[in-house]
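In this note's numbering, the protein residues as written are 74 to 717.
Below: the structure, in structure tokens.
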């Protein structure tokens, strides 16, 4: 009876650990007698510095669930045997760490504590797909900053710099950190997660989130064979797990600069982090980090000597200014309940040097990206083999792109002399030419997520879950802001594509907008026929079973996705307008009216997933995967302003 009580307490402690799909793993193994090689029953296995642990069963097997990703020391003890401490046990999100151990019963060893260092296996047998994992120790040793650069040097990944993106697209939708292409896919085919929840713009598929190196616990890159809990992705998944506080205080201050010499790029990084127990509270921990980054040249190149010396050294007007921050609070409310509050954000301002603006550098394009992500997660144990997680989250990303001198002052784009006409064959813009593109965009979502985890037996681990997101999407793009004129009071006058002023009855403009009025101010009203913010809804549910038997691992699952785009579509694309025009009171037969439209369809998709891993030897493993993978298109391709 006493042993059963201890087992229950230890299992409750392990299950109540920090849990989230994609942020925790498990430790499992078999404890045996070193002299007889027989399995030992009732051995205590505890994770040092946490309340996690387990008791071995009649087969000598133990299993510690929901261990946050990181490096730990295991303490193994039993009456009549020498205690063992196994250091450097690494736990990876979504994977199991196998740690077997033999205990000595020799009289000379009893009462002693034997120190052992765990060795990482050559092949991680727990993987049923292609995964790259970069731990905190590796991150600190790499000459890279930010998860994009960390991921960019992994196999199967190509990082396209922002300079290259600008050349390819004429400055459209570049990012300060570049783009990641996995397995030949493109930017919007990659899913980005921070601590298990999505952080990317559904309008474009871009992620402009910034996470400082000192805030990262590990980065996982999944390159194929995604399990059923992951959806809306066809190329790869990047999951960044941030650090948490612990029972001891730890902190770090770092400063990097090349300004100590006259031959520099004016690149500077300043960062600080601190974590530990929250004073005055029991079983409560915090971690926070902040980073300030100023780069005089975002894409520095090696300094040359003789060839084209005018291009050597720091690139002018190619700077970036970045702030990023991250914080996490963890509360062990009871042995079976844990609450985690997490947040991160960034502000990124930068300019993108273009050779066509070589003689007009004041007007080089200017970008501003802002991100904020918040989530709260509740974990509760139902019984010793069943637990659930519930979480709510909020994420918002904003972008502005425009002229480097006038920036967000839309009226200034058409000031006299601000946009001189040039020969269309000219290679360089003359001084005073305005960057003739003005974009504002804001995307946010409120989400809810839950999963139920059941350790059915030694072989089967079941997981059921759901995911819900409701988005609010706003976009404003003026393709020719220099066409805006001012009236006698200094107010902008807008013109349509024929050169006529916009009338009350409508008319097509150079402004593609929804969620903004004609002048770029946020608006929730449909001032010009259905140009209110867009509110698509995503709902998903999944079930998956992980089966382990004699070294073979099978991941089988099924996922259901429902997409409701909450917009209108043309009833008859072959004949979109009313053929009778003004005879029935329609102001203009070339303008869509409400009777020409109907509600958009709701799409449903079912995705089976199967992954199998066969161990061939301690150096070789065979993976087999089958699945249906799909994702919705970038939503900027689905939504358009009705007067555009």
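Beta carbons are placed, not taken as given, at the ideal position from N, Cα and C, and that holds for glycine.
Since this is a predicted model, take the numbers as computed values, not measurements.
Start and end residues, beta strand (DSSP E) containing residue i
i, result
"residue 224", "Where residue 224 is concerned, there is no enclosing beta strand (DSSP E), although the alpha helix (DSSP H) it sits in stretches over 220-225."
"residue 424", "410-424"
"residue 676", "675-688"
"residue 701", "First-last for residue 701: undefined, no H or E at that position."
"residue 199", "Unbroken run through residue 199: none, as it is neither H nor E."
"residue 464", "459-475"
"residue 299", "Premise fails: residue 299 is in no beta strand (DSSP E) and is neither H nor E."
"residue 188", "186-190"
"residue 342", "340-350"
"residue 96", "Here residue 96 belongs to no beta strand (DSSP E), and DSSP marks it neither H nor E."
"residue 394", "393-407"
"residue 148", "143-150"
Residue of the options minimising C-alpha distance to residue i
i, options, result
"residue 525", "478, 515, 454, 501", "454"
"residue 405", "419, 393, 450", "450"
"residue 666", "299, 644, 200", "644"
"residue 626", "587, 689, 229", "689"
"residue 153", "183, 172, 264", "183"
"residue 402", "707, 359, 534, 408", "359"
"residue 367", "348, 108, 357, 249", "249"
"residue 103", "158, 165, 176", "176"
"residue 414", "357, 221, 407", "357"
"residue 408", "126, 711, 203", "126"
"residue 461", "156, 535, 419", "535"
"residue 459", "528, 474, 505, 473", "528"
"residue 422", "471, 432, 456, 374", "471"
"residue 411", "129, 139, 108, 116", "139"
"residue 613", "537, 554, 319", "537"
Environment of residue i [buried if 16+ CB atoms lie within 10 Å]
i, result
"residue 355", "exposed"
"residue 352", "exposed"
"residue 547", "buried"
"residue 515", "buried"
"residue 561", "Note on residue 561: pLDDT 43, under 50, position unreliable in the model; no value is reported."
"residue 671", "exposed"
"residue 322", "exposed"
"residue 287", "buried"
"residue 267", "buried"
"residue 532", "exposed"
"residue 718", "An answer regarding residue 718 cannot be provided, because it is not within the stretch 74 to 717 covered by the chain."
"residue 94", "In this prediction, residue 94 has a pLDDT of 41, which is less than 50 and means its spatial position is unreliable; what the coordinates show is noted afterwards. Counting Cβ neighbours within 10 Å, residue 94 comes out buried, since at least 16 surround it."
"residue 265", "buried"
"residue 699", "exposed"
"residue 283", "buried"
"residue 290", "buried"
"residue 96", "buried"
"residue 697", "exposed"
"residue 165", "buried"
"residue 623", "exposed"
"residue 218", "buried"
"residue 251", "buried"
"residue 226", "exposed"
CB contact flag (residue i, residue j, <8 Å)
i, j, result
"residue 98", "residue 168", "yes"
"residue 607", "residue 640", "yes"
"residue 50", "residue 387", "For residue 50 there is no data in the structure shown, the boundaries of the chain being 74 and 717."
"residue 512", "residue 542", "no"
"residue 483", "residue 593", "yes"
"residue 480", "residue 426", "no"
"residue 399", "residue 315", "yes"
"residue 705", "residue 254", "no"
"residue 476", "residue 507", "yes"
"residue 468", "residue 518", "yes"
"residue 272", "residue 444", "yes"
"residue 307", "residue 364", "no"
"residue 676", "residue 636", "yes"
"residue 223", "residue 215", "yes"
"residue 231", "residue 187", "no"
"residue 256", "residue 309", "yes"
"residue 554", "residue 638", "no"
Residues sharing a beta bridge with residue i, DSSP
i, result
"residue 231", "254"
"residue 584", "551"
"residue 437", "Its beta-bridge partners do not exist; DSSP assigns none."
"residue 61", "Because the chain here runs from 74 to 717, residue 61 falls outside it and cannot be looked at."
"residue 511", "551"
"residue 614", "539, 633"
Terminal residues of the alpha helix (DSSP H) in which residue i lies
i, result
"residue 209", "209-214"
Cutoff 8 Å: residue i Cβ touching any chain B Cβ
i, result
"residue 689", "Here there is only one protein chain, and chain B is not present."
Near the ligand HEM: residue i beta-carbon under 7 Å from a heavy atom
i, result
"residue 701", "Among the components of this structure there are no ligands whatsoever, and the ligand HEM is therefore not found."
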